[in-house]
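Engineer:
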Amino acid sequence: QLPQNPRSPSPFPFPYRPYPIQERFMAALYAALQAGQVGIFESPTGTGKSLSLICGALTWLRDFEEKKKQEEARLLALEDKEEKQPLASDEPGRPDSKGSSGEPDWITAFVQKKEEQDMVNKLKVKKCYNRRYHGSEEDETKRLLQLSKEALSEGAGAEVLEQLDHNEEELILAEYESDEEKKVASGLEEDDDDDLEEEHVTKIYYCSRTHSQLSQFVHEVQKSPFGKDTRLVSLGSRQNLCVNEEVRRLGALQLINDRCTEMQKNKHEKKSGEETEGKKRRVSRATCPFYSYEQMQFLRDEVLVEVKDIEQLVALGRETKACPYYGSRYAIPAAQLVVLPYQMLLHEATRSAAGIKLKDQVVIIDEAHNLIDTITCIHSAEVSGSQLCCAHSQLQQYMERYRKRLKAKNLMYIKQILYLLERFVAMLGGNVNQNPSCQAVSQTGTVLKSINDFLFQSQIDNINLFKQHLVLRAGDLPDCSGQEEGESLTSMFVTDNFQSHFSLYFFFLSPGTVAQSSLKFLLLNPAVHFAKVVKECRAVIIAGGTMQPVADFREQLLSCAGVDPARVVEFSCGERDTVIPPENILPIILCSGPSNQQLEFTYQTRDLPQMMDETGRILCNLCNVVPGGVVCFFPSYDYEKQVHAHWEKTGLLTRLAAKKKIFQEPKKANQVEQVLAEYAKCIKRCSQSAGQMTGALLLSVVGGKMSEGINFSDDLGRCVIMVGMPYPNIKSPELQEKMTWLDKTMPRAAGPAPSRVLIENLCMKAVNQSIEAIRHQKDFASILLLDHRYARPAIFSKLPQWIRERTQVKPAFGAAFAELRKFHRGKSDAL
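Structural data, given as structure tokens:
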């Protein structure tokens, strides 16, 4: 928490006197929400970004709701007046006068009056609805459950064609009907659900990347002035929220999801003794004791009364014997602040399943520096030849076993799916009837195809893939009202515009076997999905500690999503805004090493022995003057391994190890915490002893598990070194396709091609995330960028503003070393 500072009170409620940067942040945020804008907000770690988001956004929401209540009260009061004074002949409403719009004033007044009357009628309906909804909620639920039971009874079928072992009838697909074949057979009218649906209040959806970040945000809300009065609900996956130990023990998310939905189905299909009397009794199926409507409604009410994070929500679920996963979803309509992970908000089908409605709401996406990659990843998919062959084998066995029990239409769909799998494997050069691990493919490398080319070459262009998707997804009658998903997507499917958003890849890996090969569906334009979020929402805020370079967000995401540039606003933190004192950070661009070797780590030069030697000499010098931890980032795991082996061979590693114990970032994620813990222990041990060892050196990798400075606060990261410029691998087929797509679709302005800008932005985004070592006001660190190309204006301008304004460019190593020694000695003396 930031310390107090003596300033005049802020118009925003805050747990302490906010800093100028926080006041500016909240004022800009409030203005963006009020104007319905799309904001890109950058506020470095240590400036209290989370609290600024909370207090700025919730202040706006409080004011918005108050104004809305006043307007509603005014309109209702106006309606209560029995008579209106007639207009005098000299008033502006007389028939022959004209308003500013050019229409007679009596017409303008009539239109305005009608709009107000419509609003009054809506408010009255809302009041009646609330009384009816809350008064008869339980009766409606019982009625729906009874209708559900009756529908299940009618469709169950009493005849048994053959006896199956251990209740295998649950494996038989219900007959699938497409929307054009579906007839209304239910006792409920189509609009009944809308009548019973609870209205969504104006709310803020806050999303971040990880479960721990969301929990931390909720804790900040609890400590804020809004902690007692805000109706907040935390959403998560079943893996995080399930309280049924039998299900939790399954571990894998997909297994948990499948088991949960199966137990729900069992609960709805459960028959009473009277209903099953005289019929063949089924083997009892497991149901979830926590899936109780009454208990989940109780949990919903408890959630809305007091702010709770995921852990507290799970504890409440166990205590009340209610499902937190579904109970939290029931709380969404009445909640003012909904906290949820990225994937749940950015994926349309997941949003819909969770009951999230973005219309006229506010969305805040925090830690958004990887937003473009996240959207791309969520909407891309890959399947291996091994998986395709396995699926074909299992589905073939299923069809043969249950052929006599399957309806003719479902049998047809299953045969179509088998054909699809067969053709997919054929495209990989294999045969579904042979072991994929033993089938060699004649072609190695990568082949890129458009979707249409793939459909025609695989001979599946005549199959409705969207209908197949519905069959696979539901295995039952899908709930699709209105326009069919397949219709809208099929019409898009044939357009060049839709084609340009996607690409399909074939990976023939070497040694090439069908099992190792894979098909990959790649999203090229993430804006096509983000556009739906921006279009529906009142305002969208994209926030992060380091958002530079912002050109990617503006061009690849917002411009391609059809957002008017005038609607986009930016907020960034300059040197005078940050709470980090200028004397606590020393960023240096180093152009040459101790032996005057120019530092330029290109693909052609970085493998040269003299370049690796020069890097080692720089580190040896730094380890003599930098206390605590030194973190050195390399562009890739392979290069880090290569340099480490070279130093070991030349003896440089021994010289480094005399001053700092050397650690290497592991490739396996489950080993990262252990390495970090040992690294931290070593630094602490060295700081408490007066030996020759001054700390530890961590050889890390850009884009790896340790590449975000959050791991390296205080003594863990007194100096951060970036070896070269971590440009992405331009030989990657995916990146090449993305570059080609950008050059074709993005408007060409003066300057480098869009593909070139993409490469530079990817590089600098990775650099900016890695060098964010200072985490709070009293922290200090030096940053060393080893490559003269960082001094180029186009590259230099993409550093975070508050770091850029303090960066020194040093052509020679001597001057840089003198600055570093002075900086760290001064800080050591002050401690």
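Quick note: the sequence shown uses the UniProt record's numbering, first residue 1, plus one each step.
Think of the CB as a built atom: it goes at the ideal place given N, C-alpha and C, for glycine as much as any other residue.
1) Using DSSP with H/G/I as helix, E/B as strand and the rest coil, what is P18?
2) Measuring alpha carbon to alpha carbon, tell me which of R423, Q443, S437 and L395 ends up nearest F456.
3) If you count every other CB in all the chains shown that lies within 10 Å of the CB of D360, and 16 or more means buried, which is it?
4) Could you work out which residue in V218, A669 and L465 is closest to G704 when comparing CA atoms only?
5) Taking the beta strand (DSSP E) that E570 falls in, what are its first and last residues?
6) If you compare alpha carbons, which of E306, D301, D309 and V528 is closest to G327?
7) On a CA-only basis, which of A696, Q692, R318 and L558 is nearest I683? Give me that one, please.
8) Leaving out five residues on either side along the sequence, give the residues of the same chain with a beta carbon under 7 Å from the beta carbon of V643.
9) Could you give the C-beta distance for L622 and V630, rounded to a whole number, given that I count them as a contact under 8 Å?
10) Return yes when the Cβ of L346 is within less than 8 Å of the Cβ of T374, no when it is not.
11) Would you check if there are 3 or more beta carbon pairs closer than 8 Å linking the stretch 9-22 to the stretch 511-520?
12) Please work out which residues of its chain come closer than 8 Å, Cβ to Cβ, to R281, disregarding the five sequence neighbours upstream and downstream, and give them in chain order.
13) Contact check, A812 vs I588 under 8 Å by CB: the rounded distance?
14) Indicate the three-state DSSP secondary structure (helix, strand or coil) for L304 in the structure shown.
15) Starting from the Cα of residue 836, find the closest Cα among N596, P747, V701 and S592 and give me that residue.
16) State the Cα-Cα distance for the pair A349 and S707, rounded to the nearest angstrom.
17) Is there contact here, the stretch 204-213 with the stretch 249-258, by at least three beta-carbon pairs under 8 Å?
18) Look at the Cβ atom of M764, then the Cβ atom of P754, and state whether they are nearer than 8 Å.
19) Using the beta-carbon count (16 or more within 10 Å), is N584 buried or exposed?
20) Assuming contact is defined by CB atoms lying nearer than 8 Å, are V218 and L232 in contact in what I supplied?
21) If I'm right that S384 touches A515 with Cβ under 8 Å, what's the distance once you round it to whole angstroms?
22) Does S33 pass the burial test, meaning 16 or more other C-beta atoms within 10 Å, or should it be called exposed?
23) Can you tell me whether Y205 is buried or exposed, with buried defined as 16 or more other CB within 10 angstroms of its CB?
24) L395: which of K409, V441, L421 and I378 sits nearest, CA to CA?
25) How far does the alpha helix (DSSP H) with A645 in it reach, from first residue to last?
26) Is it true that the stretch 39-47 meets the stretch 532-549, where meeting means three or more beta-carbon pairs spaced less than 8 Å apart?
27) Which residue marks the beginning of the beta strand (DSSP E) containing I589, and which one marks its end?
28) Can at least three beta-carbon pairs, one atom from the stretch 43-62 and one from the stretch 772-788, be found at a separation below 8 Å?
29) So what's I364 in DSSP terms, helix, strand or just coil?
30) Closer than 6 Å by C-beta to V809: which residues in its own chain qualify, once you throw out the five before and the five after it? Chain order, please.
31) Cα separation between D476 and K265?
32) Can you grab the Cα-Cα spacing for the pair A158 / M399, in whole Å?
33) Identify whether V247 lies in helix, strand or coil by the three-state DSSP scheme.
34) I'd like to know if the stretch 778-786 and the stretch 712-725 are in contact, where contact means that at least 3 CB-CB pairs between them fall below 8 Å.
Structural biologist: The relevant details are as follows:
1) coil
2) R423
3) exposed
4) A669
5) V568 to F571
6) D301
7) A696
8) Around V643: M612, T615 and F634.
9) 6 Å
10) Yes, these two residues count as a Cβ contact at 8 Å.
11) no
12) With a pLDDT of 46 at R281, under the threshold of 50, the predicted position of this residue should be treated as unreliable, though the coordinate-derived value follows. Around R281: no qualifying Cβ.
13) About 11 Å; that fails the 8 Å criterion.
14) helix
15) Coverage of the chain is limited to positions 1 through 831, which leaves residue 836 absent and any answer about it impossible.
16) 32 Å
17) In this structure the stretch 204-213 does not touch the stretch 249-258; the number of beta carbon pairs closer than 8 Å is below three.
18) no
19) buried
20) yes
21) 7 Å
22) Going by the sequence as given, residue 33 is Leu instead of Ser. By the 10 Å Cβ count, L33 comes out buried.
23) buried
24) L421
25) Y637 to T650
26) Segment contact: the stretch 39-47 against the stretch 532-549, three or more CB-CB distances shorter than 8 Å; contact assigned.
27) I585 to L590
28) yes
29) strand
30) I589 and A791
31) Its pLDDT being 44, under 50, D476 is placed unreliably in this model, and the value from its coordinates should be taken loosely. Those two C-alpha atoms are separated by around 12 Å.
32) With a pLDDT of 37 at A158, under the threshold of 50, the modelled position of that residue is not reliable, and the figure given next carries that caveat. So the alpha carbons of these two residues sit roughly 22 Å apart.
33) The three-state secondary structure of V247, taken from DSSP, is helix.
34) yes
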